[in-house]
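Following this note's numbering, the numbering of the sequence shown begins with 63 at its first residue and continues without gaps. Every residue gets a Cβ at the ideal spot worked out from N, C-alpha and C, and that includes glycine. Presented below is the structure to which this report refers.
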Amino acid sequence: IHGDRKIITDYSLGGFAKKTQALEKFMQNFEDECHIPLDFIYNAKMMWGIKEIIQNQCFPSGSRMLIIHTGGLQGNL
């Protein structure tokens, strides 16, 4: 934790470029719901973690987030 920031590393799913069927299902559901494609290397893991953290009410009501989608969709090929 640094000030009011926290780095969470719980969503690596075993390491760089590792994926699971659950992650693939999350990616498809996310794209179906939000119309935003995710790559399995970085962005899908990030969004999965953010969604879980929000669902677990880890942020105070009214909190604001900046989430940066870094691209990398070619990694899905």
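Does the pairing of the segment 94 to 103 with the segment 116 to 128 give three or more beta-carbon distances under 8 Å?
At 8 Å Cβ cutoff, the stretches do not touch.
Rounded Cβ spacing between I129 and I112 (contact assumed at less than 8 Å)
Going by Cβ atoms, the distance from I129 to I112 rounds to 6 Å, so yes, they are a contact pair.
Can K68 and L75 be called in contact, C-beta distance under 8 Å?
Taking 8 Å as the cut-off, the beta carbon of K68 is found no closer than this to the beta carbon of L75.
From what residue to what residue does the alpha helix (DSSP H) around I112 run?
N105 to Q117 is the extent of the alpha helix (DSSP H) around I112.
When M108, Q83, A79 and M127 are compared against Q136, the one with the closest alpha-carbon:
Out of M108, Q83, A79 and M127, A79 has the C-alpha closest to the C-alpha of Q136.
Using C-beta distances below 8 Å, list every residue in its chain close to K107, excluding the 5 sequence neighbours before and after it, in chain order.
Excluding sequence positions up to five before and after K107, its CB lies within less than 8 Å of the CB of Y73, S74, L75 and L85, all in the same chain and listed in chain order.
For the ligand GTP, any of its heavy atoms closer than 7 Å to the Cβ of D72?
This structure does not include the ligand GTP; it has no bound ligands of any sort.
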